[in-house]
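Here the structure comes first, spelled out in structure tokens, and everything after it is commentary.
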Amino acid sequence: MNITVVCGHGLGTSLIMEMSIKSILQELGVEASVGHTDLGSAKGIKSDIFVATKDIAEQLAEQQVHGKVVVLENMLDKSAMKLRLSAALQDLGRL
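Under our numbering, residues 1 to 95 are what the sequence shown spells out, in order.
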């Protein structure tokens with residue numbers, strides 16, 4: 001299971017979300033490789049799940065990335081992040 005967090009430049013925002021996602025996965029007992037990248041590099045990455053804020057997720061859809069896209073309204077809302085990530089994991093049969 002690979003999860004890729006995407007932001008505009010692949011630095012601050014995606015790193016913060018990556019740390020939260022790793023914590024959530026640990027709470028859920030799910031093992032996954034979690035990394036982060038910039039929007040421009042995302043198209044060339046194969047990942048089971050891509051996580052991004054709404055503005056970036058819209059651009060990911062246009063790029064037709066290879067994987068399920070989880071859209072976050074607020075990157076700091078860990079409860080919403082857990083809810084959306086859990087739903088994606090269930091859809092993929094990983095939870």
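Yeah, the Cβ is synthetic: ideal placement off N, Cα and C, and Gly gets one too.
Contacting residues, own chain, Cβ-Cβ under 6 angstroms from residue i (five flanking each side not counted)
{"i": "Lys68", "result": "Ile49 and Ala88"}
{"i": "His66", "result": "Lys46"}
{"i": "Gly118", "result": "Since the first residue of the chain shown is 1 and the last is 95, residue 118 is not available in this structure."}
Close beta carbons around residue i, own chain, < 7 angstroms, minus the five adjacent residues each side
{"i": "Leu15", "result": "His36"}
{"i": "Met75", "result": "Thr13, Ile16, Met17 and Thr53"}
{"i": "Arg94", "result": "Met1 and Val30"}
Bridge-paired residues (DSSP) for residue i
{"i": "Thr4", "result": "Gly35 and Phe50"}
Distance, residue j Cα to residue i Cα
{"i": "Lys22", "j": "Met81", "result": "11 angstroms"}
{"i": "Gly44", "j": "Glu31", "result": "23 angstroms"}
{"i": "Ser20", "j": "Leu92", "result": "20 angstroms"}
{"i": "Lys46", "j": "Ile3", "result": "9 angstroms"}
{"i": "Ser78", "j": "Arg84", "result": "The question names Ser, but residue 78 in the sequence shown is Lys. Computed Cα separation, rounded: 10 angstroms."}
{"i": "Gln63", "j": "Ile24", "result": "27 angstroms"}
Whole-angstrom C-beta distance between residue j and residue i, which should lie under 8 angstroms
{"i": "Ala42", "j": "Val6", "result": "5 angstroms"}
{"i": "Gln59", "j": "Leu39", "result": "6 angstroms"}
{"i": "Val71", "j": "Ala57", "result": "4 angstroms"}
{"i": "Leu28", "j": "Ser86", "result": "7 angstroms"}
Residues of its chain near residue i, where Cβ-Cβ distance is below 8 angstroms and the 5 sequence neighbours each way are ignored
{"i": "Glu73", "result": "Thr53, Lys54 and Ala80"}
Minimum length 4: unbroken alpha helix (DSSP H) runs contained in the stretch 30 to 91: 39 to 42, 54 to 63 and 78 to 91
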